[in-house]
Amino acid sequence: DTIRIALAETPSDELAAFFVALDRAKANGLDYEWTAFSDEELAIQAVLSGQMDIGFGTPYAAMQRSKAPVRIIFQLSKLKFFPVTTKKYEKLEDLDGQPILLHSRGGGTDSIANVIEQKAGITFGERSYVPGSANRVVALVAGQADATIIDLSNKNKIMREHGDKFNVLPMFEVEASDEALFANLDWIQANEEDVQIFVNALLSVWRDMNEDPTIISRETNPDGPIGQLPPEILGELDGFYKDAVEGGLYDPNGGGEKAAMADMEWYSQAGQLEGDPASLNIEDFWYMKPLEAAMN
Amino acid sequence: MTRSLALKLLSAVIVFGAWEIAGRIPVSYAFPTFFDSMRALAAMTFDGTLFAAYGETLKPLVIGVAISAVLGIALGLWIGLSSWFDWLFSPIFVVMQAAPLAALIPLLVMAYGIGLTSKVFVVCIMAMPVIVLNTAGAVRNTPSNLKEMGRSFLANDTDIILKIILPDASPIIFSGLRLGVSAGFIGAILSELKITPTGVGDIITFSRSIADYPSMYAAIFSIIALAVLFLNLLEKLETVLFEGNIRGYVSD
Amino acid sequence: MTVFGIRLPGMSSLILWGLLWELIGRSGLTFFVPPLSEVVATLFAIIGTPAFLKALGETAYAFVVGVFAAVGIGIPVGILMGKNRLLDELLLPWVNIFLSAPLTALVPVLMVLFGFGMKSIIITTALFAIWIIILNARAGVLQINRSLVEMARSFGASPLDAFFKIYLWAALPEILGGVRIGVIRAVKGVIIGQLLISIVGFGALFELYSANFLMAHFWAVLIVLFALAFTISEVLAYIERRISFYAAKR
Amino acid sequence: MATSPIKGNVVHPAKFNAENAVSARRISKNYGAVEALKNLSLDFPKGQLTSLLGPSGCGKTTLLKIIAGLLDPTSGEVEVNGRAVTGPGPDRAFVFQDFALLPWANVIRNVAFGLELRGVAQSEREDIAARYIRQVGLAGFEKSYPHELSGGMRQRVGLARALSVDAQVLLMDEPFSAVDEQTRRKFQEDLLGLVANENKTFIFVTHSIEEAVYVSDQIALLLPRPSRVHEIIRPSGFRDKGVDNIRRDPEYLDIVDRIWASLRSYVE
Amino acid sequence: MATSPIKGNVVHPAKFNAENAVSARRISKNYGAVEALKNLSLDFPKGQLTSLLGPSGCGKTTLLKIIAGLLDPTSGEVEVNGRAVTGPGPDRAFVFQDFALLPWANVIRNVAFGLELRGVAQSEREDIAARYIRQVGLAGFEKSYPHELSGGMRQRVGLARALSVDAQVLLMDEPFSAVDEQTRRKFQEDLLGLVANENKTFIFVTHSIEEAVYVSDQIALLLPRPSRVHEIIRPSGFRDKGVDNIRRDPEYLDIVDRIWASLRSYVE
Ligand SMILES: Nc1ncnc2c1ncn2[C@@H]1O[C@H](COP(=O)(O)OP(=O)(O)OP(=O)(O)O)[C@@H](O)[C@H]1O
Ligand SMILES: Nc1ncnc2c1ncn2[C@@H]1O[C@H](COP(=O)(O)OP(=O)(O)OP(=O)(O)O)[C@@H](O)[C@H]1O
Ligand SMILES: [Mg+2]
Ligand SMILES: [Mg+2]
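Protein chains in written order, with this note's numbering: chain A, 604 to 899; chain B, 47 to 298; chain C, 47 to 296; chain D, 500 to 767; chain E, 500 to 767.
Below, the structure written as structure tokens:
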């Protein structure tokens with residue numbers, strides 16, 4: 604039967620690779636429908652309450668706090684975010700006590716900020732929240748903020764257009780997940796076959812993309828949700844994926860154990876998971892079987 | 047009086063009881079019971095988070111509603127009195143009233159940033175049109191016999207506006223204010239959900255992201271309670287100001 | 047409004063405002079406001095695309111179903127509240143609360159109770175519209191001239207006769223006024239639902255265009271929405287004016 | 500004080516002895532704490548016109564509505580043609596003090612409304628309505644709406660509606676209050692014509708003593724609230740003398756004076 | 500047809516020769532295509548009561564409003580005490596046909612409203628208002644709101660308001676239309692008292708011929724639209740005979756009949 608996928612944002616360039624994978628899965632007999640939610644929390648809630656089968660996001664807090672039997676099966680993208688500031692600041696330490704603009708309280712950028720504070724030994728000043736990297740770029744360009752954390756494509760965009768005015772502060776590597784695919788454990792086990800087709804398709808696309816980023820624009824179905832985007836956006840697909848692959852946004856191995864370990868460490872550090880990361884059990888968060896099967 | 051109070055209590059018991067039962071079933075992981083929510087509300091009240099949050103939320107709300115009320119009534123008066131103004135401005139407000147301004151919020155952020163200004167703007171845009179249009183309509187429909195009476199007893203233009211047109215229009219102006227204030231509340235929450243999560247909007251989104259649903263529902267409950275309280279105050283104000291305009295039920 | 051003795055049609059000043067828009071757009075003051083002409087050109091470019099038609103279909107579906115539910119439930123409930131004191135005392139506080147409550151705050155609750163799809167969007171739409179419809183229908187019935195009801199009874203009207211031949215008609219001006227305000231609120235409701243619940247329809251287009259700074263696209267969709275809401279509101283206002291001859295004379 | 504009928508000029512013995520179309524027996528009516536009627540008894544002879552005269556707020560409308568079956572008395576009962584009243588019935592028609600026209604319906608639909616509620620087919624009821632519209636002098640206004648009519652014309656629509664259902668008893672609550680004096684006199688003539696030509700019973704509320712004396716077979720003077728019948732007067736015979744002469748008739752003037760003397764005590 | 504004043508019973512020569520407080524000269528008034536008044540001329544002697552009688556819609560209210568300065572005539576002019584009228588003035592007070600009370604203000608504020616607009620201090624104007632409220636018999640209702648009053652009581656509030664500003668000319672548009680006959684008669688007495696005791700000029704619109712004959716120094720009969728003065732009648736002297744006797748007075752009856760003969764042609 605049809606599987607129901609909960610997206611955490613409206614389909615745009617960032618989801619093009621995902622939709623290519625969906626098309627491949629469909630060719631192999633996967634029947635699906637998708638719904639876009641306005642944020643990750645809603646997608647998680649929808650999966651938790653059984654109204655959706657598979658969701659987008661990193662539901663670590665929900666998994667630990669409400670003991671929800673959901674498991675991650677594939678890492679879609681890594682937390683590749685970049686501190687961008689005006690020329691006033693040159694390194695992370697300069698931001699001690701300075702106000703910063705983030706996406707949302709408790710979200711990915713918030714956790715990056717937490718970890719930066721720990722690793723650089725600083726404390727940010729007031730944190731204000733503006734959802735959407737694009738909106739934070741506008742705030743930065745308009746001079747309403749001096750420091751923010753934004754995603755890869757917006758970082759590239761702002762540096763291309765206003766490279767003379769802003770700095771990208773050097774930062775440590777992050778391997779943790781930004782977006783991952785997760786589902787109810789019972790549901791996964793009851794639908795092993797469909798899940799397998801899906802994960803196979805994702806893995807193949809992620810691998811092909813790392814070889815040649817332009818396959819995304821070439822394989823995009825012109826009648827699908829991505830193909831229907833305005834030409835202004837479609838024209839930038841190749842550039843986007845070239846940057847993304849260069850920046851290591853997409854793991855050609857779908858995350859797996861490495862990502863799970865990184866996540867547990869990262870989200871503990873960021874305050875979303877409680878307890879010592881070493882004591883956490885991978886099986887409580889990830890379900891590796893489909894990915895392992897796909898790798899072989 | 048006691049009968050209507052008893053009925054109010056009864057209907058409250060029914061609704062809250064239904065909530066409690068739905069929470070106990072539970073209809074969803076994310077749906078807490080009534081008592082859990084009230085406990086969370088009490089906790090938030092006693093540790094002060096709620097007051098701090100309302101300090102944030104009320105700022106744009108109060109400023110925005112005050113601006114909308116004063117400016118809206120003034121503009122409405124002007125539109126109602128001058129056909130030229132009516133021609134020029136009322137279509138704008140009709141469009142504004144019909145416009146789904148939620149969609150405009152991203153633009154406002156770009157234009158006015160993420161601070162108070164944007165939020166005040168959202169509140170004004172939501173609250174103003176209905177206040178303006180109601181005021182204008184009521185002013186236009188002031189019974190001409192009262193205006194004539196005023197003139198025959200030598201009222202000047204200011205007298206006519208202050209002592210006849212405004213009191214006569216007051217029930218409709220107040221119902222516009224009521225709808226406007228409620229739209230303003232919608233705007234304030236919307237701006238906290240869509241622009242920057244501060245105040246009560248922040249409690250809602252944050253509790254949701256950490257799956258603390260009782261707190262989330264407590265915050266929602268408190269903002270609704272506040273809105274209702276605010277509107278009851280407005281109604282009291284109307285009763286005090288224009289006592290004779292309240293004529294009771296026809297059926298009684 | 048008359049200029050040199052020529053009566054200008056009511057909404058003609060919109061042309062003036064359109065010109066102002068064009069000027070601001072042309073001046074390049076801000077890239078948020080592209081010239082109106084460019085917006086209109088974009089509008090024609092996107093209006094036939096499947097993405098646009100799909101958004102239109104989804105929005106219209108949620109809107110129409112929501113409004114029909116609000117009207118179909120709201121009017122009878124309002125009339126019954128106006129007629130029956132017990133029902134009125136039970137329901138009125140809640141109607142007032144929901145009318146004045148910030149419904150956006152309730153949206154998260156709706157999602158939990160009614161799911162995350164179209165159903166919640168429809169319910170959001172209906173919730174935005176229904177309370178004012180109920181209140182107005184109730185007010186219309188409350189102010190009914192008692193002697194009309196007595197007249198009908200004295201000529202032997204059954205309760206059903208009275209409902210359809212007296213109450214509905216006598217309260218019609220208020221009911222229509224309520225429906226007009228309700229429908230306008232429903233437009234807001236459907237977009238808010240689409241933005242806060244699942245991102246579909248016009249809400250998705252707005253989100254997409256604004257995130258990618260496609261301002262002309264953004265305004266083009268907004269204009270379509272303005273026009274739709276405006277037309278509906280004016281059609282209802284026209285019907286209201288048609289019956290206003292008796293509204294003041296009851 | 501007591502219900503002792505003092506007789507005026509008795510002229511038509513046949514009519515005087517006529518059986519009663521409507522009898523109200525010991526009617527009391529309280530609105531909450533307000534006692535509107537108290538122990539009121541009054542008979543309305545068949546085929547005659549009875550006027551109710553009394554100060555404003557004394558309960559005339561209340562009595563009419565109780566007879567119509569629109570209000571329940573607190574105690575007491577009303578019989579129409581020997582049968583107790585339990586609700587509105589086809590034997591009675593009401594002319595409302597405030598006209599009670601449907602503002603959304605045109606004249607012909609308003610006049611035909613009573614017939615419509617009785618299930619008469621459209622073409623038939625419109626024929627009947629058209630006839631009565633002509634009779635009250637509104638021919639040509641069939642398609643007009645109430646707000647396009649003057650007060651007096653509206654009142655005539657209400658009159659035509661009550662007449663068209665062909666009820667035995669007509670309850671008329673200040674039916675000529677809204678018209679100017681000139682038109683009012685014409686209506687009085689019309690009313691007398693109806694009383695003379697159709698064997699119907701009229702119960703008529705008015706504030707004008709002259710009008711009551713001129714058109715009535717029997718006048719009931721009511722006391723202020725709580726209302727009982729103070730006096731019954733039978734001023735028959737003037738109508739034969741013609742409207743132009745009656746005003747000088749000493750008998751007529753005597754009766755007006757006597758009623759006035761009765762009523763003025765309340766005013767002072 | 501022509502404006503030839505036919506005199507009635509001339510009794511007070513002093514009054515008859517009195518100078519005019521108000522003169523209307525060749526007034527025309529069109530509402531769009533509707534000609535309400537056409538070339539109407541009429542004088543209103545100082546200290547006297549002039550009634551306007553005419554069919555409904557003939558333009559009586561229009562004329563009163565033109566005199567009040569509330570409407571501009573299409574042509575012609577009005578002089579009050581020798582000065583041309585350009586707008587409302589303190590020398591004239593209006594009693595409105597529809598009362599025109601402020602629904603949100605209580606009785607005392609309504610009565611004092613004219614004084615309020617003239618800038619009289621609150622305590623002073625409330626004293627004056629209270630006096631007039633007593634005078635029209637509404638003592639005890641000072642704090643009531645219009646919707647709590649009966650029609651007749653409301654009308655008296657409008658009357659008290661007009662009286663309280665102490666204007667020289669009182670323009671009264673059907674001031675007793677809403678009250679029952681009994682109360683109306685008391686008002687007529689009150690009005691006659693005012694005419695006798697204060698040297699004010701009254702312009703009075705009514706639909707009742709009897710009332711006009713009883714209270715007026717001069718009656719102007721108006722034609723149907725477009726309205727001119729058809730006839731002027733001076734029925735003085737009856738008021739001295741007392742209300743109880745006047746109805747039998749043959750002179751009184753003659754005048755009523757003559758006016759009726761004049762007016763009835765419009766009805767038929
Ligand atoms: N629905 C009601 N509730 C309370 N009191 C009422 C109601 N209807 C009438 N009354 C009171 O009952 C009394 C009689 O009223 P009713 O209307 O019968 O008077 P009426 O004789 O017809 O007066 P009018 O001459 O003014 O028409 C009045 O004093 C009025 O205040
Ligand atoms: N504002 C207006 N616009 C158009 N026509 C009007 C207006 N006011 C009055 N008229 C017309 O002018 C005529 C005179 O009206 P007016 O009110 O002076 O009559 P009236 O003599 O006072 O009648 P009534 O006895 O019914 O009070 C009427 O035929 C009316 O239709
Ligand atoms: Mg009555
Ligand atoms: Mg008039």
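Note that beta-carbon positions come from the ideal geometry of N, C-alpha and C, so glycine has one too. On a predicted model such as this, the values are computed, not experimentally measured, just so you know.
Original post:
Pro749/D by DSSP, collapsed to three states: which one?
Top reply: helix
Original post:
Using a C-beta to C-beta distance shorter than 9 Å, which residues of chain E count as neighbours of Val755/D?
Top reply: Arg746
Subject >> chain E residues whose Cβ lies nearer than 7 Å to that of Glu680/D >> reply: His706, Ser707 and Ile708
Original post:
Apart from the five residues on each side of it in sequence, which residues of its chain come closer than 8 Å, Cβ to Cβ, to Ile793/D?
Top reply: Lying outside 500 to 767, the shown extent of chain D, residue 793/D is not represented and no answer is given.
**OP:** Specify the secondary structure class of Tyr732/A as computed by DSSP and reduced to three states.
**Re:** Note: Tyr732/A maps to strand in three-state DSSP.
Subject >> C-alpha distance - Ala611/A paired with Ala646/A, whole-angstrom precision >> reply: Taking the straight line from one Cα to the other gives about 6 Å.
Subject >> Terminal residues of the alpha helix (DSSP H) in which Thr242/B lies >> reply: Neither: Thr242/B is in no alpha helix (DSSP H) and is coded neither H nor E.
Original post:
Should Ile752/A be listed as close to ligand 5, given that the test is whether its C-beta is under 6 Å from any heavy atom?
Top reply: Ligand 5 is not part of the structure shown, which contains ligand 1, ligand 2, ligand 3 and ligand 4 as its ligands.
**OP:** Can you tell me which of the three DSSP states Ser58/C falls into?
**Re:** helix
Original post:
Within the 7 Å Cβ cut-off, does Asp590/D reach chain C?
Top reply: no
Original post:
Tell me which same chain residues have a C-beta within less than 7 Å of the C-beta of Arg810/A, skipping the five on either side of it?
Top reply: Pro855
Original post:
So Leu788/A packs on Tyr663/A, CB below 8 Å; how close in whole Å?
Top reply: With 8 Å as the limit, Leu788/A and Tyr663/A do not qualify as a contact, their Cβ atoms being about 15 Å apart.
**OP:** State the start and end residues of the unbroken beta strand (DSSP E) segment that holds Pro148/C.
**Re:** Unbroken run through Pro148/C: none, as it is neither H nor E.
Original post:
In angstroms, rounded to a whole number, what distance separates the CA positions of Thr700/E and Glu641/D?
Top reply: 45 Å
Subject >> Sub-7 Å separation of Ala630/A and Ile819/A beta-carbons >> reply: no
**OP:** Select from the stretch 625-654 of chain A all residues with a C-beta closer than 9 Å to any C-beta belonging to chain C, and list them in chain order.
**Re:** Thr638, Ala639, Phe640, Ser641, Leu645, Ala646, Gln648, Ala649, Ser652 and Gln654
Original post:
Under 7 Å Cβ-Cβ, which residues of chain D neighbour Gly314/C?
Top reply: Here chain C covers residues 47 to 296 and nothing more, so residue 314/C does not appear.
Original post:
If contact means a Cβ-Cβ distance below 8 Å, which residues of the stretch 119-145 of chain C contact chain B?
Top reply: Arg131, Leu132, Glu135, Leu136, Leu137, Pro139, Trp140, Asn142, Ile143 and Leu145
**OP:** Find the nearest neighbour of Ile171/B within the set Ala89/B, Arg49/B, Ala144/B and Trp133/B, judged by alpha-carbon distance.
**Re:** Ala144/B
**OP:** Pair every Cβ in the stretch 727-734 of chain A with every Cβ in the stretch 681-689 of chain A, then say whether three or more of these pairs are closer than 8 Å.
**Re:** no
Subject >> Backbone CA spacing between Gly101/B and Ala265/B [nearest angstrom] >> reply: 14 Å
Subject >> Among Ser244/C, Trp265/C, Gly235/C and Asn191/C, the one whose alpha carbon lies nearest that of Val111/C >> reply: Gly235/C
**OP:** With a threshold of 16 other CB atoms inside 10 Å of the CB of Ile67/B, please say whether the residue is buried or exposed.
**Re:** exposed
Original post:
Which residues bound the beta strand (DSSP E) around Gly540/E?
Top reply: In the sequence as displayed, the identity of residue 540/E is Ser instead of Gly. Looking at the DSSP string, the run of the beta strand (DSSP E) that includes Ser540/E is Val533 to Pro544.
Original post:
So, is the C-beta of Ile230/C closer than 7 Å to a C-beta in chain B?
Top reply: yes
Subject >> Whole-angstrom distance between Met652/E and Gly639/E, CA atom to CA atom >> reply: 12 Å
Original post:
Which stretch, first to last residue, makes up the alpha helix (DSSP H) that contains Asp930/A?
Top reply: Limits of chain A in this structure are 604 at one end and 899 at the other, which puts residue 930/A out of reach.
Subject >> Partners in chain C for Val59/B, counting only beta-carbon separations shorter than 7 Å >> reply: Near Val59/B there are no residues of chain C at all, since even the closest Cβ is about 11 Å away, more than 7 Å.
Original post:
Interface residues of chain E around Arg763/D at Cβ under 7 Å?
Top reply: Gln681
Subject >> Through-space distance from Arg763/A to Phe259/C, alpha-carbon basis >> reply: 16 Å
**OP:** Using three-state DSSP, classify Tyr635/A as helix, strand or coil.
**Re:** strand
**OP:** Compile a chain-ordered list of the residues in the stretch 271-288 of chain C whose CB is closer than 7 Å to at least one CB of chain B.
**Re:** Leu271, Phe272, Ala275, Phe276 and Ser279
Original post:
Can you round the beta-carbon distance between Phe703/D and Leu562/D to whole angstroms, since I take them to be within the 8 Å contact cut?
Top reply: Contact doesn't hold; Cβ gap of about 12 Å is too wide.
Original post:
So, do the stretch 629-636 of chain E and the stretch 157-172 of chain B have three or more beta carbon pairs nearer to each other than 8 Å?
Top reply: no
Original post:
Taking DSSP as the reference, what is the three-state secondary structure of His706/A?
Top reply: His706/A falls in the coil class under three-state DSSP.
**OP:** Below 8 Å CB to CB, which residues in the same chain sit around Thr150/C once its five sequence neighbours on both sides are set aside?
**Re:** Ile238 and Leu242
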